[in-house]
Amino acid sequence: MSDFDPHRPFLTAWARTAGVGWRELAGPAYRQIFRGVHIAADIPDSLVVRARAALLRAPDHALVSHESAAQLWVPSWTRSSDVHLSFSKGVKTIGDGIRTHRFRYPMERWHRHGLPVTGPAMTFIHLAVHLDLVGLVCFGDRLVARGAISPSELIAATEAWEGHGRRAAIAAARLVRERSESVPETQSRLLMVLAGLPEPACNHSYVVDGIERFRLDLAWVELKVALEYDGRWHDEPEQRAKDEARRAEMRANGWIIIVIRAPDLYDHPDTVVTEVAEALRSRGAQVKPAMTYQRWFQPRGDVA
1 MSDFDPHRPF LTAWARTAGV GWRELAGPAY RQIFRGVHIA ADIPDSLVVR ARAALLRAPD
61 HALVSHESAA QLWVPSWTRS SDVHLSFSKG VKTIGDGIRT HRFRYPMERW HRHGLPVTGP
121 AMTFIHLAVH LDLVGLVCFG DRLVARGAIS PSELIAATEA WEGHGRRAAI AAARLVRERS
181 ESVPETQSRL LMVLAGLPEP ACNHSYVVDG IERFRLDLAW VELKVALEYD GRWHDEPEQR
241 AKDEARRAEM RANGWIIIVI RAPDLYDHPD TVVTEVAEAL RSRGAQVKPA MTYQRWFQPR
301 GDVA
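Under UniProt numbering, read the sequence shown as residues 1 to 304, first letter to last.
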């Protein structure tokens, strides 16, 4: 087989045609990805490699979908230990490590890294069956941040969808926003919204003399209240100094700056809601937090 390339996934039959025997294939020069699919041992594992291998065992029209498509669209997204494939034929299983999904509706064929994959909207809709509201909005925000789709396009796609997960997909799509730069930022915004507080602007540009000085993670601009999430990189001395300087400048100009970290958001969301509500009230806003946010943001220890 003249085009045999061991640095890309190949079937056992291809190796035999190329003159690679069973003993050699089982030796140190090669490794098995799935049953009947191999690759040169020096090629590191990755989703792209595993997906390309899985497609060799699937019908020709198969697409990478669900959690695997999500990671191809948003590389930082949570990894799945299985490769998810969708196709129209009824195939029970095609190998360990490969999750198959059967569809009976038209799906556009997109491509990422040379792989056939479900589009951003369909991937979002597929995840609506498995993710909760907050998780799905976080994924949608990441899609938008990477330029894969716009919020309006996502809303249109979910409203046109008539299959499983429609209601959840629409609800999440309507909460997807532009300018969100991280999952914690999205989660912080959703905590506010689900607590019944006014929705803040994402990454509001603080402009002085027509020049953007910096951005505020979440801001109630007219009230001059901001909520900022500090991840671990904010612990770096240089970054900490910059944060303190800009926040001092903002406070000197009448802003209330509330800074939270991971334990605040994930373990004590009730405290965050209370602090923000008090800040908004101090600026004249009539707000009364609702407890509905605790469905998604439960204070640590509250399980009974």
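The beta carbon of each residue, even a glycine, is placed where N, CA and C say it ideally should be. This one's a predicted model, so the numbers in the text were calculated from it and none came from an experiment.
Cβ of residue i within 7 Å of Cβ of residue j?
i: Y229; j: I257; result: no
i: V117; j: L63; result: yes
i: residue 305; j: W77; result: In the structure as shown, the chain begins at 1 and stops at 304. Residue 305 is therefore absent and cannot be evaluated.
i: residue 310; j: G165; result: Residue 310 lies beyond the residue range present for the chain, which begins at 1 and ends at 304; the question has no answer from this structure.
i: F34; j: A58; result: no
i: P44; j: A195; result: no
i: D270; j: P237; result: no
i: T158; j: A168; result: no
i: R215; j: N203; result: yes
i: L197; j: V287; result: yes
i: E212; j: S205; result: yes
i: V225; j: A145; result: no
i: S86; j: H101; result: yes
i: L55; j: Q71; result: no
Establish whether the CB of residue i and some CB of chain C are separated by less than 7 Å.
i: Y229; result: Absent here is chain C; the protein component of the structure consists of one chain.
Taking all protein chains shown into account, decide if residue i is buried (16 or more other Cβ within 10 angstroms of its Cβ) or exposed.
i: W161; result: buried
i: H66; result: buried
i: E185; result: buried
i: V137; result: buried
i: W220; result: buried
i: T292; result: exposed
i: V272; result: buried
i: residue 321; result: This structure cannot settle anything about residue 321, because the visible part of the chain is limited to 1 through 304.
i: M1; result: Any reading at M1 needs caution, since the residue's pLDDT is 46, under 50, leaving its predicted position unreliable; the model's value is listed next. Exposed, since its Cβ has fewer than 16 Cβ neighbours within 10 Å.
i: T274; result: exposed
i: R142; result: buried
i: G284; result: exposed
Does the beta-carbon of residue i, which I'm using as the reference point, lie nearer than 6 Å to any heavy atom of the ligand PLP?
i: A58; result: Ligands displayed in this structure: none; no statement on the ligand PLP is therefore possible.
Based on DSSP bridge pairs, tell me the residues matched to residue i.
i: H101; result: S86
i: W110; result: V117
i: V225; result: W220 and I256
i: F10; result: H38
Could you tell me whether the region 80-87 touches the region 7-20, where touching means 3 or more Cβ pairs closer than 8 Å?
No, the region 80-87 is not in contact with the region 7-20.
Can you confirm whether the region 32-48 touches the region 2-9 when touching is taken to mean that 3 or more C-beta pairs between the two stretches lie within less than 8 Å?
Proximity of the region 2-9 to the region 32-48 meets the contact definition, three or more beta-carbon pairs being nearer than 8 Å.
If you scan the region 143-224 from start to end, which runs of the beta strand (DSSP E) of 3 or more residues do you find wholly inside it?
Unbroken beta strand (DSSP E) runs of no fewer than 3 residues, entirely contained in the region 143-224, are found at 201-208 and 211-220, following chain order.
Give, in chain order, every unbroken run of the alpha helix (DSSP H) that is at least 4 residues long and sits entirely within the region 13-53.
With a minimum length of 4 residues, the continuous alpha helix (DSSP H) runs that stay inside the region 13-53 are 22-25.
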